[in-house]
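**Q** Residue numbers (our numbering): 1 to 157. First the structure, which I've put down as structure tokens, then a few questions once you've had a look.
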């Protein structure tokens, strides 16, 4: 159940206060957006450290929290060395960072707190065979993973 569903009398401002409290306590919060089509989630709070917020699509809530919190923690501890085009390996997941082209279209709570200057990187995940959504062989296991920006291709050195 979502916070708004559990607190029908509360306003958006009340919820933003709750999110601000989580950011003060933890350094960031994760906003999960339930959807029958494609659920997604994003961080709120990394912007305060001069870092882009993080966003992931088409992953269940438990996995989303694990991935976003792991990557956000890494960014904070390592002064945010991730940028569009970077690849990160988690124990059971490959991720590539893609700049979100329109954060304000997807990240309403982050925009509500910080305004339209919020930058975001999408954590695009590879399938079980480490193939990416831009590969014809990509097999997401029955879910659709929208990519919300243009992929940066790195030239080999």
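Heads up, the beta-carbon is just placed ideally off N, CA and C, and yes, glycines get one too.
Under 8 Å by Cβ, that's how I've got residue 44 and residue 23 pegged, so tell me the actual separation to the nearest angstrom.
**A** Counting from 1 along the chain shown, the entry for residue 44 is found at position 44. Counting from 1 along the chain shown, the entry for residue 23 is found at position 23. 6 Å between Cβ atoms; contact.
**Q** For residue 98, name the three-state secondary structure that DSSP assigns.
**A** Residue numbering aside, residue 98 sits at position 98 when the chain shown is read from its first letter. Strand at residue 98.
**Q** Below 8 Å, how does it come out for the segment 46 to 60 and the segment 116 to 131: are there three or more Cβ pairs, yes or no?
**A** A contact exists between the segment 46 to 60 and the segment 116 to 131.
**Q** Could you tell me the distance, in whole angstroms, from the CA atom of residue 88 to the CA atom of residue 59?
**A** Within the chain shown, the letter at position 88 stands for residue 88. Within the chain shown, the letter at position 59 stands for residue 59. Cα-Cα distance, rounded: 17 Å.
**Q** Does DSSP put residue 57 in a helix, in a strand, or in coil?
**A** By one-based count along the chain shown, residue 57 stands at place 57. DSSP places residue 57 in strand when its eight states are reduced to three.
**Q** Is residue 153 near the ligand FMN, judged by its Cβ being under 6 Å from some heavy atom?
**A** Absent from the structure shown: the ligand FMN. Ligands present: none.
**Q** Who does residue 31 pair with in a DSSP beta bridge?
**A** Locating residue 31 in the chain shown gives position 31, where the first residue counts as 1. Residue 31 is bridged to 42.
**Q** May I have a chain-ordered list of the beta strand (DSSP E) segments no shorter than 3 residues that lie completely inside the segment 101 to 154?
**A** DSSP runs (the beta strand (DSSP E)) wholly in the segment 101 to 154: 120 to 125.
**Q** Using the three-state DSSP reduction, which class does residue 51 fall into: helix, strand or coil?
**A** Mapped onto the chain shown, residue 51 falls at position 51. Coil at residue 51, not helix or strand.
**Q** Quick one: using the 10 Å Cβ neighbour count with 16 as the cut-off for buried, is residue 47 buried or exposed?
**A** Within the chain shown, numbered from 1, the residue matching residue 47 stands at position 47. Looking at its Cβ environment, which holds 16 or more other Cβ atoms inside 10 Å, residue 47 is buried.
**Q** To which residues of the same chain is residue 94 closer than 6 Å at the C-beta, ignoring the five residues directly before and after it?
**A** Residue 94 sits at position 94 when you count from the first residue of the chain shown. Cβ within range, chain order: 126, 130.
**Q** Are the Cβ atoms of residue 30 and residue 40 separated by less than 7 Å?
**A** Working through the chain shown from its first residue, we reach residue 30 at position 30. Working through the chain shown from its first residue, we reach residue 40 at position 40. No, Cβ-Cβ distance for residue 30 and residue 40 is not below 7 Å.
**Q** Within the same chain, show all residues whose beta-carbon is closer than 8 Å to that of residue 26, passing over the 5 residues directly before and after it, in chain order.
**A** Walking along the chain shown from the start, residue 26 turns up at place 26. Cβ neighbours of residue 26 beyond the five flanking positions: 45.
**Q** Once you ignore the five residues that flank residue 2 on each side, which residues in its own chain have a CB closer than 7 Å to its CB?
**A** Position 2 of the chain shown, counted from the first residue, corresponds to residue 2. Once the five neighbours on either side are set aside, the close Cβ partners of residue 2 are 34.
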